[in-house]
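Using the working numbering, you'd call the opening residue of the sequence shown number 383 and step up by one each time. As structure tokens, the structure follows; a few thoughts come after it.
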Amino acid sequence: MIEINNLHKSFGKNNVLRGINLTIETGETIVIIGK
Numbered sequence: 383m384i385e386i387n388n389l390h391k392s393f394g395k396n397n398v399l400r401g402i403n404l405t406i407e408t409g410e411t412i413v414i415i416g417k
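Here is the structure:
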């Protein structure tokens with residue numbers, strides 16, 4: 383299991399992730415797709 387709490391990511395002035403929380407269980411596949 384992987385747990386992510388309050389993840390933030392930006393590229394320059396562009397905030398692309400703001401306070402993301404995820405729990406990924408064993409065997410799960412998660413994809414984050416953006417524009």
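Even glycine gets a Cβ: it sits at the ideal position worked out from N, Cα and C.
Next on the checklist: Going by DSSP in three states, E410 sits in which element: helix, strand or coil?
Outcome noted: Taking the first residue of the sequence shown as position 1, residue 410 is located at position 28. E410 falls in the coil class under three-state DSSP.
Checklist entry - Would a check of beta-carbon distances place I415 closer than 8 Å to chain D? => result In the displayed structure, chain D is absent; only one protein chain is listed.
Item to check | Proximity of M383 and I406 at Cβ, strictly below 8 Å | outcome: The residue you call residue 383 lines up with position 1 of the sequence shown. The residue you call residue 406 lines up with position 24 of the sequence shown. It is a contact, given that the beta carbons lie within the stated cut-off.
Checklist entry - Which whole-angstrom value is the C-beta distance of I412 and L404, which I expect to be below 8 Å? => result On the sequence shown, position 30 is the one that residue 412 refers to. On the sequence shown, position 22 is the one that residue 404 refers to. For a cut-off of 8 Å, the C-beta gap from I412 to L404 is around 7 Å, short enough to register as a contact.
Checklist entry - Given E385, which residues of its chain have a CB within under 6 Å of its CB, disregarding the five upstream and five downstream residues? => result Taking the sequence shown and counting its residues from 1, the one referred to as residue 385 is at position 3. Counting only Cβ-Cβ distances below 6 Å, and skipping sequence neighbours, we find T405.
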